[in-house]
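Q: The numbering used here applies: residue 64 is where the sequence shown begins, and numbers increase by one.
For each residue, glycine too, the CB sits at the ideal point set by N, CA and C.
Here the structure is a predicted model, which is why all the values come from computation and not from measurement.
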Amino acid sequence: MKSLEEVLAEHPFFRGMKEEHIRLFAGCAAHVRFEAGAFLFREGDPADRFFLLRHGRVALEVQVPGRGPTVIQTLGEGDVVGWSWMVPPYRWAFDGRALELVRAWSFDAACIRGKAERDPSLGYELLRRLLPVVVERLQATRLQLLDVYGEGKRSVRSPA
64 MKSLEEVLAE
74 HPFFRGMKEE
84 HIRLFAGCAA
94 HVRFEAGAFL
104 FREGDPADRF
114 FLLRHGRVAL
124 EVQVPGRGPT
134 VIQTLGEGDV
144 VGWSWMVPPY
154 RWAFDGRALE
164 LVRAWSFDAA
174 CIRGKAERDP
184 SLGYELLRRL
194 LPVVVERLQA
204 TRLQLLDVYG
214 EGKRSVRSPA
């Protein structure tokens, strides 16, 4: 049976990371499971962890007035779920809901932040890997919001 460090090293998020850094992450990790329909987190709640998905799909949702929950993005195996834990005030910006059985690794945010503060090379590596996730999620949110709010409300600008 593989050790947690070996399994993490195979995950796309950790691929190519130094063994010593993977060991630090493993010290903050726990295996978690969510049944279909369960919330991994709710908007506004403390963002005290993040997840690496091993199995299943998670919907990132935002509450839209007059429409209810709207899926911004659906994430699956291999994806990172959550980056609000890196940005004060450490509150979730969306709801994260399991669409089916989800198995994941959960990482304690305070543990990871503390290790990254003590080891700047770990902090840099973490940000280097998380920044593309943040950009991807912001782009997906932007596109989804254009679909939600842009229907029939696009204005045409005349040439100046």
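Hey, would you say Phe113 sits closer than 8 Å to Val143, going by beta carbons?
A: On the sequence shown, position 50 is the one that residue 113 refers to. On the sequence shown, position 80 is the one that residue 143 refers to. The answer is yes: Cβ separation under 8 Å.
Q: Locate the beta strand (DSSP E) running through Gly159, then write down its first and last residues.
A: The residue you call residue 159 lines up with position 96 of the sequence shown. From DSSP, the beta strand (DSSP E) with Gly159 extends over Asp158 to Ala161.
Q: What is the DSSP secondary structure of Trp146, reduced to helix, strand or coil?
A: Here residue 146 refers to the residue found at position 83 of the sequence shown. Residue state, collapsed to three classes: coil.
Q: For Trp155, write down the residues that DSSP places opposite it in a beta bridge.
A: The sequence position of residue 155 within the sequence shown is 92, counting from 1. Per DSSP, none; premise fails for Trp155.
Q: Below 8 Å CB to CB, which residues in the same chain sit around Glu163 once its five sequence neighbours on both sides are set aside?
A: Within the sequence shown, the letter at position 100 stands for residue 163. Within the same chain, Glu163 has close Cβ partners Ala99, Gly119 and Arg120.
Q: Compare the beta carbon distance of Gly159 and Phe102 with 8 Å and say whether it is the shorter of the two.
A: Looking up residue 159 in the sequence shown gives position 96. Looking up residue 102 in the sequence shown gives position 39. Against a cut-off of 8 Å, the Cβ pair of Phe102 and Gly159 comes out as a contact.
Q: Using 8 Å for Cβ pairs, my map puts Phe157 next to Leu123. What's the rounded Cβ distance?
A: Position 94 of the sequence shown, counted from the start, is the residue given in the question as residue 157. Position 60 of the sequence shown, counted from the start, is the residue given in the question as residue 123. Contact holds; Cβ gap of about 5 Å.
Q: Where Pro128 and Cys174 are concerned, what is the direct C-alpha to C-alpha distance, given to the nearest angstrom?
A: Counting from 1 along the sequence shown, the entry for residue 128 is found at position 65. Counting from 1 along the sequence shown, the entry for residue 174 is found at position 111. Their Cα atoms are separated by approximately 36 Å.
Q: For His169, which beta-bridge partners are listed by DSSP?
A: Counting from 1 along the sequence shown, the entry for residue 169 is found at position 106. It should be noted that the sequence gives Ser, not His, for residue 169. DSSP output for Ser169 lists Ala93 and Phe114 as bridge partner(s).
Q: Just the Cα atoms here: how many angstroms apart are Arg191 and Arg166?
A: Residue numbering aside, residue 191 sits at position 128 when the sequence shown is read from its first letter. Residue numbering aside, residue 166 sits at position 103 when the sequence shown is read from its first letter. The alpha-carbon atoms of Arg191 and Arg166 are separated by roughly 25 Å.
Q: Per DSSP, what are the beta-bridge partners of Pro109 in this structure?
A: Start at 1 with the first residue of the sequence shown, and residue 109 comes out as number 46. Partner(s): Arg154.
Q: Less than 8 Å between the beta carbons of Ala115 and Leu138, yes or no?
A: Taking the sequence shown and counting its residues from 1, one reaches residue 115 at position 52. Taking the sequence shown and counting its residues from 1, one reaches residue 138 at position 75. Correcting the residue type first, residue 115 is Leu in the shown sequence and not Ala. Result no, Cβ atoms of Leu115 and Leu138 do not sit closer than 8 Å.
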